[in-house]
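Asker: Residue numbers (our numbering): 6 to 209. Pasting a structure below so you can have a look.
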Amino acid sequence: MIARQIPLILKSPINSPVSMAYLWSLSDDKKRLACLYKRFYRLRNLIDHDRRNVSRYKELIRWKFAKENYNTRRSVILGKPEEPISEIFTRIFNTLTFVHNSTVILPENMIDKKAYFYKDTRQNHRIEKQIILTICRMQYVTPNELKYRSDFSWFPEVRKEIEDFPENATKRQMAKSTSNPSYIGFADYQKNLMLLNEMYKLCL
């Protein structure tokens, strides 16, 4: 029997529509955040077939809603001034749309071919999905001493060390470094992610 690719159609949307007008009709910011968090959470099982990435996604959104202050992160990493709460909610709303887009494939982008094996049913990931899965993996591999410092105080420390480091450093000089060399990669990752956020008004 040859399987045929059929787009998944849900009678009831997995993620109920929400608009900025509806968000601002709620009485306070706490209710607005709860409304958005629920919609991010409902997308968890569509993030990836790998349950590890689903778990990482859940951990990520819990951390961002409960602990992270986006203005602090933006100020420390990019040196940007604080944004008003209305701008932050716009960013969260845009990010919800971004995550939702990562879970779907438009019919015109589907690969139409005969499926003899499970691997034949796989579709190319949208760029949004590739980014979300990368963020989930980076969340997992980031050392706890960086991951759980919500003030991002580690970032300027690492950046300063990079600036002070000789261009052609010897192994002995590198061994004297007070921070883990791998932290440089995590600092670059955070900088690039924040630049992406600025470009598309997101808060990934």
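All C-beta atoms in this analysis are idealised placements derived from N, C-alpha and C, irrespective of residue type, glycine included.
1. Give the DSSP-derived three-state secondary structure of R154 in the structure shown.
2. Do you know how far the Cα of I82 is from the Cα of P148?
3. From this set, R164, M25 and D53, which residue's C-alpha is nearest T108's C-alpha?
4. Quick check on F170: does DSSP put it in helix, strand or coil?
5. Secondary structure at N50, three-state DSSP: helix, strand or coil?
6. Using a Cβ distance threshold of 8 Å, determine whether the segment 39 to 51 contacts the segment 60 to 72, with at least three qualifying pairs required.
7. Between the Cα of F70 and those of P86, T100 and R56, spot the shortest distance and give me the residue it belongs to.
8. For E88, which of helix, strand or coil comes out of DSSP?
9. Going straight from the alpha carbon of P186 to that of F157, what length do you get?
10. Taking the C-alpha atoms as reference points, what is the distance between T77 and R177?
11. Going along the chain, which residues of its own chain have a beta-carbon closer than 7 Å to the beta-carbon of F160, five neighbours each way excluded?
12. Hey, would you say Y188 sits closer than 8 Å to L151, going by beta carbons?
13. Quick one: give me the first and last residue of the alpha helix (DSSP H) that I136 is part of.
14. So, helix, strand or coil for V163, using DSSP?
15. Please confirm whether Y27 and I66 have their CB atoms less than 8 Å apart.
Answerer: Quick answer:
1. Locating residue 154 in the sequence shown gives position 149, counting from the first residue. The answer is coil: DSSP assigns R154 none of H, G, I, E or B.
2. The residue you call residue 148 lines up with position 143 of the sequence shown. The residue you call residue 82 lines up with position 77 of the sequence shown. C-alpha separation (whole angstroms): 18 Å.
3. The residue given as residue 108 occupies position 103 in the sequence shown. The shortest C-alpha separation from T108 is found at D53.
4. For the purposes of this step, residue 170 is taken as residue 165 along the sequence shown, with counting starting at 1. In the structure shown, F170 sits in coil (DSSP, three-state: anything other than H, G, I, E or B).
5. Here residue 50 refers to the residue found at position 45 when the sequence shown is read from its first residue. Correct three-state label for N50: helix.
6. yes
7. For the purposes of this step, residue 70 is identified with residue 65 of the sequence shown, where counting begins at 1. The shortest Cα separation from F70 among P86, T100 and R56 belongs to T100.
8. Translated into positions along the sequence shown, residue 88 becomes position 83. It is coil, neither helix nor strand.
9. The sequence position of residue 186 within the sequence shown is 181, counting from 1. The sequence position of residue 157 within the sequence shown is 152, counting from 1. Their backbone Cα atoms lie some 17 Å apart in a straight line.
10. Residue mapping note: residue 77 aligns to position 72 of the sequence shown, counting from 1. Residue mapping note: residue 177 aligns to position 172 of the sequence shown, counting from 1. Taking the straight line from one Cα to the other gives about 35 Å.
11. The residue given as residue 160 occupies position 155 in the sequence shown. Excluding sequence neighbours, F160 sits near V81, I82, A192 and Q195.
12. Reading the sequence shown from its first residue, position 183 is the one you call residue 188. Reading the sequence shown from its first residue, position 146 is the one you call residue 151. Contact flag set, yes.
13. In the sequence shown, the residue the question calls residue 136 occupies position 131. I132 to V146 is the span of the alpha helix (DSSP H), which, as asked, contains I136.
14. Position 158 of the sequence shown, counting from 1, holds the residue named residue 163. Helix.
15. Residue 27 sits at position 22 when you count from the first residue of the sequence shown. Residue 66 sits at position 61 when you count from the first residue of the sequence shown. Result no, Cβ atoms of Y27 and I66 do not sit closer than 8 Å.
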